[in-house]
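The structure appears right after this line, and notes come after that.
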Amino acid sequence: IKTILFIPYALHDQDSYATTVTEKFQSLGYEVDSIHKALNPVEAVRKAEAIFIGGGNTFRLLKALYEKNLVSEIRKRVLQDGVPFMGSSAGTNVATISIHTTNDMPIVMPPTLSAIGLVPFNINPHYLDHDPSSRHMGVRSSTSVQLTDLMASQLAPHLTFPIIFL
Numbered sequence: 001i002k003t004i005l006f007i008p009y010a011l012h013d014q015d016s017y018a019t020t021v022t023e024k025f026q027s028l029g030y031e032v033d034s035i036h037k038a039l040n041p042v043e044a045v046r047k048a049e050a051i052f053i054g055g056g057n058t059f060r061l062l063k064a065l066y067e068k069n070l071v072s073e074i075r076k077r078v079l080q081d082g083v084p085f086m087g088s089s090a091g092t093n094v095a096t097i098s099i100h101t102t103n104d105m106p107i108v109m110p111p112t113l114s115a116i117g118l119v120p121f122n123i124n125p126h127y128l129d130h131d132p133s134s135r136h137m138g139v140r141s142s143t144s145v146q147l148t149d150l151m152a153s154q155l156a157p158h159l160t161f162p163i164i165f166l
């Protein structure tokens, strides 16, 4: 892999985001093509050697992915063609079944909360540890991590391609 397709749609200032990501990946020896500059985003996904979806607002990101007809194309490239995928924050959220577990505010609404579906479960990359002084009775982060580890261990033997969540 020499070039990574970066998807910056989760942030408003996509140019600055792409510049930051490009500088970092270039320091690691990779070139970056940012999809927001592509004349044909679907074709950019079809030609991608690897895909990295960055963080920001999950609702904004998923709405853009649907508007640009990228959800099914990314799913196909990763699950059928074996293209490596990396998602950070909102990029992790959209790689799952749905964005129902995001902590983000719905600043825009995608046509559905169903996401790309690269893994058969949801992830909340920013879930906080339980605060014993709080009246919130949600699942502890450590319990969530244990459940994710269990699902991942059952899923891992069936994967023939890398998926990385940050």
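Residue 26 in the UniProt record's numbering sits at position 26 of the sequence shown, and the numbers go up by one each step. The beta carbon of each residue, even a glycine, is placed where N, CA and C say it ideally should be.
Whether I7 touches I51 by CB criterion (9 Å)
In this structure, I7 sits near I51, with a CB-CB distance shorter than 9 Å.
If you count every other CB in all the chains shown that lies within 10 Å of the CB of V108, and 16 or more means buried, which is it?
Exposed, because fewer than 16 other Cβ atoms sit within 10 Å of the Cβ of V108.
Can you tell me whether DSSP reads I99 as helix, strand or coil?
Assignment of I99 by DSSP, reduced to helix, strand and coil, places it in the coil class.
With 16 other Cβ atoms within 10 Å as the buried cut-off, status of L28:
Label assigned to L28: exposed.
Which same chain residues end up closer than 6 Å to P125 when comparing Cβ atoms and leaving out the 5 residues on each side of it in sequence?
For P125, the CB contacts under 6 Å within the same chain, skipping 5 residues up- and downstream, are S89, T92 in chain order.
V32: first and last residue of the uninterrupted beta strand (DSSP E) it sits in
Residues 31 to 34.
Mapping the DSSP letters down to three states, classify F121 as helix, strand or coil.
Here DSSP, grouped into helix, strand and coil, assigns F121 to coil.
Just grab the DSSP bridge partners of S114 for me.
Residue pairing by DSSP places S114 opposite S98 in a beta bridge.
May I have the straight-line CA-CA distance separating L39 from V45, to the nearest angstrom?
Going by the C-alpha atoms only, they are around 12 Å apart.
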